Amino acid sequence: MLGKRVRKLRLEKGLSLSELSQASGVAKSYLSTLERDIQSNPSVQLAVKIAAALDISLEQLVQPEVKQQAPLSRQDWYELFEEAANAGISREELKRMIELQKR
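Residue numbering for the sequence shown follows numbering that gives the first Met the number 0, starting at 0 and increasing by one per position.
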């Protein structure tokens, strides 16, 4: 999983394996095995070097990517509110749930 992320970020930055290797000080062969998920558990020190070479934080490197959901259509919202009403959720309860979610 981390290997695929390294590869994606490297390609987004327009770097070759050789360039990332040179910038990070991590062997090209190691980066290759990492990207192919043959090696999947780099040390923290190596991960820090790779993140720095990609100009991102360690957290950005290791956190899973969150896919953005498409916004709901009016019809989706209508169906959601109808489902809430059918479940016996009052308007006030729904407002409270929204406020709790904001926190």
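Just so you know, even glycine gets a beta-carbon here, dropped at the ideal spot from N, CA and C.
Nothing here was measured: the structure is a model prediction, and the numbers come from that model.
Using CA atoms only, rank isn't needed, just tell me which of the options is closest to residue i.
i: S17; options: S31, E98, L45; result: S31
i: S28; options: Q44, Q74, G2, V43; result: G2
i: K12; options: P41, I49, K101; result: I49
Go to residue i, then tell me how far its alpha helix (DSSP H) extends in each direction, as first and last residue.
i: G2; result: 1–11
i: A50; result: 43–52
i: L57; result: 57–61
i: A83; result: 73–85
i: L106; result: Any question about residue 106 goes unanswered here, given that the chain covers just 0 to 102.
I think residue i touches residue j, with their Cβ atoms under 8 Å apart; what is that distance to the nearest whole Å?
i: E34; j: V5; result: 6 Å
i: A86; j: L93; result: The pair is not a contact, with the Cβ atoms about 10 Å apart (cut-off 8 Å).
i: L57; j: A46; result: 6 Å
Does DSSP put residue i in a helix, a strand or coil?
i: R102; result: coil
i: I97; result: helix
i: S31; result: helix
i: Q38; result: coil
Check whether the Cβ of residue i sits closer than 7 Å to any heavy atom of the ligand MN, and report yes or no.
i: L19; result: With respect to small molecules bound, the structure shown includes none, and the ligand MN cannot be examined in it.
- prompt: Using 8 Å as the threshold, is the segment 40–57 in touch with the segment 17–26, meaning 3 or more CB pairs across them?
  reply: Three or more beta-carbon pairs drawn from the segment 40–57 and the segment 17–26 are found closer than 8 Å, and the two stretches are therefore classed as touching.
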